[in-house]
Ligand SMILES: NC(=O)c1ccc[n+]([C@@H]2O[C@H](COP(=O)([O-])OP(=O)(O)OC[C@H]3O[C@@H](n4cnc5c(N)ncnc54)[C@H](OP(=O)(O)O)[C@@H]3O)[C@@H](O)[C@H]2O)c1
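Numbering (my numbering), first residue to last: 213 to 462.
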């Protein structure tokens with residue numbers, strides 16, 4: 213009987229963090245991030261899911277799965293957020309880092325109204341935090357099997373595409389996503405053994421788009437994103453794709 217319980221204990225330990233593939237997903241309480249959480253849990257991953265407020269994260273926190281590890285992280289404070297994640301992750305290997313949390317600067321939207329604080333906030337959340345996290349978690353990533361860093365950007369960060377479409381406004385959001393793209397492009401050169409992907413998720417029906425009825429469903433976007441991530445090799449590193457894996461111009 214004692215042997216039976218010891219065997220069960222050993223199996224449970226082997227199935228826990230450190231023995232399964234693992235992913236960190238930021239902004240995981242709703243929208244695309246929450247869709248990614250459900251996908252990777254379904255694939256048997258250990259999922260480290262960041263959220264910033266308990267009130268807005270009831271659905272995430274209600275999931276009772278041993279492989280789901282929620283972590284409080286507000287990316288307006290990149291170093292505090294990183295420390296919170298590192299405290300939980302310790303020296304466990306990490307396979308995939310998905311930098312999904314994104315902020316839309318409503319007060320740095322139009323040319324006629326550019327509030328510096330809000331403009332700055334979009335850079336802190338959308339540009340600086342993803343890079344601080346990638347840098348701070350590089351040891352965990354280097355121990356992982358797949359070594360993938362994925363930045364969820366926007367096609368609105370493409371200077372060429374927005375120029376061709378004569379798309380105006382969205383200053384804080386666009387500039388911070390363009391800067392994110394530049395940062396990830398640099399990161400791919402600085403971390404040559406990592407696969408660094410810059411991914412536009414499509415126009416998706418989430419709170420971000422006020423649940424645009426013409427947008428993709430979260431499931432459609434997540435299916436494309438996760439297929440693109442799993443197909444990615446070093447030859448894709450430092451490149452800009454959409455959720456279907458089609459290349460986008462910078
Ligand atoms: N939906 C689209 O059509 C679309 C298109 C292009 C790119 N994207 C990008 O896709 C990503 C996910 O967006 P979504 O559509 O899923 O929108 P969403 O449902 O509004 O999710 C945004 C996520 O970012 C989190 N977040 C925002 N500010 C944060 C902060 N200071 N600290 C920590 N977390 C923060 C949010 O947390 P709270 O819930 O606590 O606010 C939420 O979890 C974003 O990077 C966005 O720019 C979306």
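Backbone N, C-alpha and C fix where the C-beta goes; we use that ideal spot for every residue, glycine too.
{"Asked": "Any idea which residues DSSP pairs residue 469 with across the strands?", "Found": "An answer regarding residue 469 cannot be provided, because it is not within the stretch 213 to 462 covered by the chain."}
{"Asked": "Could you round the C-beta distance between residue 248 and residue 434 to whole angstroms and report it? I think they count as a contact, below 8 Å.", "Found": "6 Å"}
{"Asked": "Classify residue 371 as buried or exposed, calling it buried when 16 or more other Cβ atoms lie within 10 Å of its own Cβ.", "Found": "exposed"}
{"Asked": "Tell me which residues share the same chain as residue 443 and place their Cβ nearer than 7 Å to its Cβ, disregarding the 5 neighbours each side in the sequence.", "Found": "457"}
{"Asked": "Do you know how far the Cα of residue 294 is from the Cα of residue 268?", "Found": "21 Å"}
{"Asked": "Across which residues does DSSP place residue 311 in a beta bridge pair?", "Found": "363"}
{"Asked": "Measure the Cβ-Cβ separation of residue 383 and residue 313 and say whether it is below 8 Å.", "Found": "no"}
{"Asked": "Let me confirm a value: residue 450 is counted as buried when at least 16 other C-beta atoms fall within 10 Å, else exposed. Which label applies?", "Found": "buried"}
{"Asked": "So the beta strand (DSSP E) residue 408 belongs to, where does it begin and stop?", "Found": "407 to 412"}
{"Asked": "Pop quiz: residue 309 and residue 353 are said to be a contact at Cβ under 8 Å. What is the actual Cβ separation, rounded to whole angstroms?", "Found": "6 Å"}
{"Asked": "Going by the DSSP bridge assignment, what does residue 237 pair with across the sheet?", "Found": "261, 310"}
{"Asked": "Work out the CA separation of residue 276 and residue 270 for me, nearest whole Å.", "Found": "12 Å"}
{"Asked": "Looking at C-alpha atoms only, which residue of 258, 324, 290 is the closest neighbour of residue 335?", "Found": "290"}
{"Asked": "Mapping DSSP to helix, strand and coil, what is residue 454?", "Found": "strand"}
{"Asked": "Taking three-plus beta-carbon pairs below 8 Å as touching, is the segment 421 to 430 in contact with the segment 335 to 347?", "Found": "no"}
{"Asked": "Beta-carbon within less than 8 Å of residue 459's beta-carbon, same chain only, minus the 5 sequence neighbours each way: which residues are those?", "Found": "451, 452, 453"}
{"Asked": "For residue 235, count neighbouring C-beta atoms within 10 Å of its own C-beta (all shown protein chains included) and say buried if the count is 16 or more, exposed if not.", "Found": "buried"}
{"Asked": "In whole angstroms, give me the CA-to-CA distance for residue 386 and residue 364.", "Found": "13 Å"}
{"Asked": "Can you list, in chain order, the residues of its chain with a C-beta nearer than 7 Å to that of residue 461? Leave out the 5 residues immediately preceding and following it.", "Found": "370, 372, 373"}
{"Asked": "May I ask you to report which of helix, strand or coil DSSP gives residue 304?", "Found": "coil"}
{"Asked": "Quick one: residues in its chain with C-beta nearer than 7 Å to the C-beta of residue 300, no 5 flanking neighbours on either side, listed in chain order?", "Found": "260, 281, 283"}
{"Asked": "From the DSSP output, read off the bridge partner residues of residue 416.", "Found": "428"}
{"Asked": "Which residues bound the beta strand (DSSP E) around residue 468?", "Found": "Only positions 213 to 462 of the chain appear in this structure, which leaves residue 468 out of reach."}
{"Asked": "Along the alpha helix (DSSP H) that carries residue 390, what are the first and last residues, could you check?", "Found": "383 to 402"}
{"Asked": "Which class does residue 345 belong to by DSSP, given the choice of helix, strand or coil?", "Found": "helix"}
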